Every structure is written in C-alpha cells, then in structure tokens.
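Heads up: the sequence lines are chains W and G, in that order.
When we follow our numbering, the leftmost residue of the first sequence carries the number 1, and every step to the right adds one.
When we follow our numbering, the leftmost residue of the second sequence carries the number 1001, and every step to the right adds one.
2 protein chains.
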Amino acid sequence: MKKYPEVKRYPVAIDCIIFGFDGSEVKLLLIHRGFDPQKGKWSLMGGFVEDTESLDNSAARILKNLTGLENVYMEQLLTFGNPNRDPVERTFSVVYFALIDIHKYEAQLTDNYRPQWFALKEIPKLIFDHSTMVDLAKEKLRVKATHSPILFELLPEKFTIPQLRCLYESVFDKALDKRNFSRKALSGELLVKLKDKEKASSKKGAFYFRLDKKKYNTHFNPANVFGVS
Amino acid sequence: MKKYPEVKRYPVAIDCIIFGFDGSEVKLLLIHRGFDPQKGKWSLMGGFVEDTESLDNSAARILKNLTGLENVYMEQLLTFGNPNRDPVERTFSVVYFALIDIHKYEAQLTDNYRPQWFALKEIPKLIFDHSTMVDLAKEKLRVKATHSPILFELLPEKFTIPQLRCLYESVFDKALDKRNFSRKALSGELLVKLKDKEKASSKKGAFYFRLDKKKYNTHFNPANVFGVS
DNA sequence: CCAAAAGTGTTTAGGGTACACCCATGT
DNA sequence: ACATGGGTGTACCCTAAACACTTTTGG
C-alpha cells in the first residue's frame, strides 16, 4: 500500500531518565553528549528509534548500551516535540524513566560518554529541554512511589529498614518517623526478614530484609504503600 | 546546521480520546475514519502533526476541527509506535485525552466524519491500536479523578449534586453513598450553591451548584477529592 | 562506659464508611 | 394521598500521626 502522501516526516528519539540509589540518596545518571550541537554538555542518555524496534525496545536498548543492564523497570513518561527543541532539525523525543540498582550498574560501567551520577539537588544545566524532562520524572517518581511499591526497584536484593526509609526520605525530601515507617513497611507483608545484619553503618547492626517477589508481583499497585501522603 | 545524517524519519500523528458526560453516563466520541486503509471504520479522531505546531497545539487543532471547541482540558497520555501499528507505513501516534462539556459540543457539530457518542461499555471495535488507547485513557481518567477534581471539566456551568454523583458513579462504575458523597463534595468548598433548582428529574427539584473557579484553579490537585479510593 | 544507631508500643484525632428517616412537590 | 427523588446526621472503625525509651556493641 502506498505511503501517506504529503506528510512530513521526522526523526524520533528516546531519552532515558535513569534513577539510582546509593544507600543514602537518589541519584540521576547523566552523560556528556557525544555529538554536535552541544557536544560535551550534560545530557540525558538517548538515541534514535531504529526502524524495526518498538519504543519500549528502543528504550531498553539505549539503557543497556549505557548501563549493561537488562530487564530493568522502565516506563514511558511523555513525548516532547516542540518544533524548535532541537536546533539541528525538528525531532520528537519519547522520554522514558528507569529505576536501576546502582550497584549492578557500577559493575558494568562503560564510559564512552563519561557518565556520572548526580544527586537530585545537584543536577547541572542540561541541553535542550532535558531539564524539564527531569523535573517531570522527579514528580512522576513521587506520585508513583506514593501509590505503589515501585521504589524497591532501586534497592539491592538485601536491604535494611533504615536504608528503605532513607530512600523514601530522599525521594520525598522530608524526614519520616522511624517507628511509623517501619510499622507500615512491615505491615505490607512484602518484606521477608533475613538472619544476617548489615553492620557497616551502626554498631548494633540492622537486619537485612528481602522482597517477597511473589507478593510483590501480584500485589503491585496497592494504594499508598508506605503512607507518604 | 546540517540535519542528522543516517536517521530514519516518520510521520507523527495525534489521536484524541474525547470524553463527555450526558447527565447520566460518560461517553466517548468516535468518528468514521476518512481514508484508507480501514476507511469508514470506527476510529479515534486524529491527524498528522504539522510542521510548525507543538504537540499540544496540534491536539488542540484536531479537537477543534471535530468539536468546534477551544480552551478545553487536554492532556498527553502516551505515545504508540509499534513498527506495524499502521499497515501503510510506520507512524507514531501521540495520544491525548480531552474532557469536554457535551452540551457545548452538540451546539457546534460538524459531521463530515459522522461522529457519534458511545457509552464506555458499548465501545465498538476500533482500528489499529485505538482500543488499547481507549482502555488506557479510561484507566487514566479514573486515576486522575481519584486525586483531582478533574471531572468538573465534563460538567456544564450549573449542575446538581445528584448529577455530580452520577458522573462519579459512571466513571468508577460503582454505586456511591448519597449522604457520604454529598458531604464530601460540599466539604471541599469548591461548590457554590445557587438559588434555582433543576426540576426535570424530580418533583422536589435539586439545587444547582457552580464551581468556585478561583478555588478550583488554585486548589487543583488536592489528594483524593471525593474519596472514591 | 560511652556514643551511635536499631528497634519497639501507645495514645489520639480525623476521615471513611455504613446506615434510615424526613422533606418537597407534581400528579 | 402517594410516589418520587432530594436532602440530611450519627456511630463506629481504622489509619495516620505524634511521641520516648531500651537495646546492642564497637571503640
């Protein structure tokens, strides 16, 4: 069948907002843009959609290129398409955000782009409309975290309750009551207590927990998981 | 500056999901597709993004073409881009959803496309991936309505509490307690009681209310407005 | 023995839900 | 007078929030 006549065509790109958690703060992975214009400036990781891949697959490919990671939590956020957002030519960008275990990342670093993690409060000026994308993603992360246990995607297999609380405090940028938090976290029945303790950050040591994956996968979507509302 | 070399280019389209409320049910506006393939089949209203307009503007233009309405609540939902979603050629579709006052629409009907309103439970088979888009929009509407007073966009200037409740019942597809509902609706302080009554649907008559636009515009975004959670 | 972080219970207030009767009026 | 839908109030429960002390152990 003939192609649509008289229709303009444009490059379609993906940009990835990649969140990680280093144990005390949520961070964002940025790269140095690899080509002109604005070569060398801080940018989100991105790339053009290839001819045979879906948007989701394209985002996954781009994420893998940078981090080496597969099967990562990713979600489409929004598409940007202002006519002048890219000075080279009009380009549409479909923005994804990803949540990764920052420790797995560190093991598989490829640094062609000299990637770097930035704390949410110390994000530098970014090219084009990437700063807007990041702001939107931060807001989305908060909204989703309020209604679903999505933040577990940022944690390693084993983690402690204080680490978990710290993660929520970082995302919502406010202090949470230790007692109320741990009660809510444990009441969800998503956590399984392990025998061993994390001893690096206190003398007493904090018990490790892991996620009950079965319950996590079915339960995924209860309203207001840890009551950060 | 030179264009990006070696990058494939694609048509980018908008599809609009248009919700209305006729006083007893939420409905969706569909059209007959105007060209091949699948000419004449039920479809969302759509069109290609033009060269100088933003995505938001393009969606607004397309909505206006069909409904005659401007300054309508619209929001970008998600972008679809599976390689084979359109059999003619690969096309990306940025989906928007709009909430309109169905009465204003009826006044300005243009019917080149023989548009028709369908109750949410009676939506026919749609072309391409449009059914998926609609499902997604229905879900999104519920989520947003749970956390913000967005459904007022579907109502006329003057409306009664029973009408409002009926709207929520239609969106959430469940019966809501009359007493609890009206208490919550009124406690929000978004509603202003008017002197006159709607007398068509009962002998006693129900008082009209209108939205306090000032409070609506500032307040917009309180959590869980009418507690349908 | 002291510092530093982990862990744990109770009380209170507010919001959500369930539930039943009277009111106004057109016919 | 009666049928129809509009409008209101109360009791209970559950969840969220506030709040302080004991435990463990490395140094």
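All C-beta atoms in this analysis are idealised placements derived from N, C-alpha and C, irrespective of residue type, glycine included.
Just so you know, these numbers come straight off a predicted model, no measurement behind them.
No Cβ of chain W is located within less than 8 Å of the beta carbon of residue 1173 of chain G. Residue 48 of chain W belongs to the set of residues whose beta carbon lies under 8 Å from a beta carbon in chain G. With three or more CB-CB distances shorter than 8 Å, the region 69 to 81 of chain W counts as touching the region 1070 to 1084 of chain G.
Nearest neighbour of residue 182 of chain W by Cα position, chosen from W/142, W/94, W/172 and W/163, turns out to be W/163. When C-beta distances to chain G are compared with 9 Å, the residues of the region 89 to 100 of chain W below that value are 89, 90, 91, 92 and 94, in chain order. Beta-bridge annotation (DSSP): residue 193 of chain W is paired with W/209. As DSSP reads the structure, residue 74 of chain W sits in a beta bridge with W/98. Of all residues in the region 121 to 143 of chain W, none is placed with a Cβ closer than 7 Å to any Cβ belonging to chain G.
Not a single CB atom of chain G sits nearer than 8 Å to the CB of residue 43 of chain W. In the structure shown, residue 29 of chain W falls within a strand segment according to DSSP collapsed to helix, strand and coil. Relative to residue 1145 of chain G, the option among G/1040, G/1173 and G/1124 whose CA is nearest is G/1173.
As for any alpha helix (DSSP H) of minimum length 4 sitting wholly inside the region 135 to 199 of chain W, the runs are 161 to 172 and 178 to 187, ordered along the chain. Chain G places a beta carbon closer than 8 Å to that of residue 79 of chain W, counting this residue as a contact. With fewer than 16 other Cβ atoms inside 10 Å of its own Cβ, residue 186 of chain W counts as exposed. Approximately 7 Å separates the beta-carbon atoms of residue 49 of chain W and residue 13 of chain W; this is inside 8 Å, confirming the contact. Put simply, the CB of residue 184 of chain W is far from chain G, with every gap to its CB atoms at 8 Å or more. Residue 127 of chain W: not part of any beta strand (DSSP E); DSSP gives it neither H nor E. The criterion of a C-beta distance shorter than 8 Å is not satisfied by residue 134 of chain W and residue 141 of chain W. Under a criterion of Cβ atoms nearer than 9 Å, the residues of chain W adjacent to residue 1008 of chain G are, in order, 9, 11, 12, 48, 49, 50 and 51. Neighbourhood of residue 1054 of chain G in chain W, by CB distance below 8 Å: 81, 82 and 83, in chain order. About 5 Å separates the beta carbons of residue 42 of chain W and residue 30 of chain W, which is inside the 8 Å limit, making them a contact pair. Looking from the CA of residue 1150 of chain G, the closest CA among G/1095, G/1084, G/1184 and G/1217 belongs to G/1217. Per the C-alpha coordinates, the member of W/114, W/9 and W/17 positioned closest to residue 32 of chain W is W/114. Assigned with DSSP and collapsed to three states, residue 54 of chain W falls in coil, not helix or strand.
Judged by DSSP secondary structure, residue 1049 of chain G falls outside any beta strand (DSSP E); it is assigned neither H nor E. The C-beta distance from residue 207 of chain W to residue 193 of chain W rounds to 6 Å, short enough to meet the 8 Å contact threshold.
Rounded to whole angstroms, the gap between the alpha carbons of residue 148 of chain W and residue 56 of chain W is 21 Å.
Within the model, the alpha-carbon separation for residue 1120 of chain G versus residue 1097 of chain G is close to 14 Å.
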